[in-house]
Amino acid sequence: MRLSALLLDMTPSVGTMGAIVAAAFFLVFAGVAFVAYKALKKTVKMAFRMTVVAVILVIAIVGSFSLWYFSGVGSPKLKPPTQRTR
């Protein structure tokens with residue numbers, strides 16, 4: 000019981016969450032590329048099939064990198080407390 004409470008107490012950083020989302024995004028598109036490769040196996044030539052798979056994987060890599068990069072952009076800007084005047 001105590002161990003599970005300790006594990007739930009730790010929150011992942013923004014960079015870690017960005018990396019997890021980027022990895023999930025890449026894995027989804029890698030799966031789409033695999034399905035496209037298998038679906039096109041009997042209908043088109045190898046060069047076209049590999050081009051389609053390469054385009055899907057490039058989209059996956061660029062999307063994953065951009066999700067990871069923009070998820071951890073800098074630290075939030077802290078505003079000074081507002082001053083109340085009466």
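According to numbering that gives the first Met the number 0, the stretch in the sequence shown is residues 0 to 85, in order.
Glycine included, each C-beta is placed from N, C-alpha and C at the ideal position.
Keep in mind it's a predicted model, so treat the numbers as computed, not measured.
Can you tell me which of VAL51, LEU56 and ALA59 puts its alpha carbon nearest to the alpha carbon of ALA38?
-> Among VAL51, LEU56 and ALA59, the Cα nearest to that of ALA38 belongs to VAL51.
Identify, in the order they occur along the chain, each residue of the same chain with its Cβ nearer than 8 Å to the Cβ of VAL20, setting aside the five sequence neighbours on each side.
-> Here the set comprises LEU66, TRP67 and SER70.
What number of angstroms, rounded off, separates the C-alpha of VAL27 from the C-alpha of MET16?
-> Rounded to whole angstroms, VAL27 and MET16 show a C-alpha spacing of 17 Å.
Excluding the 5 residues preceding and the 5 following ALA18 in the sequence, name in chain order all residues of the same chain whose CB lies nearer than 6 Å to its CB.
-> In chain order, TRP67 place their CB closer than 6 Å to the CB of ALA18, counting only its own chain and leaving out the 5 sequence neighbours on each side.
Proximity of ALA59 and PHE33 at Cβ, strictly below 8 Å | Not closer than 8 Å, so no.
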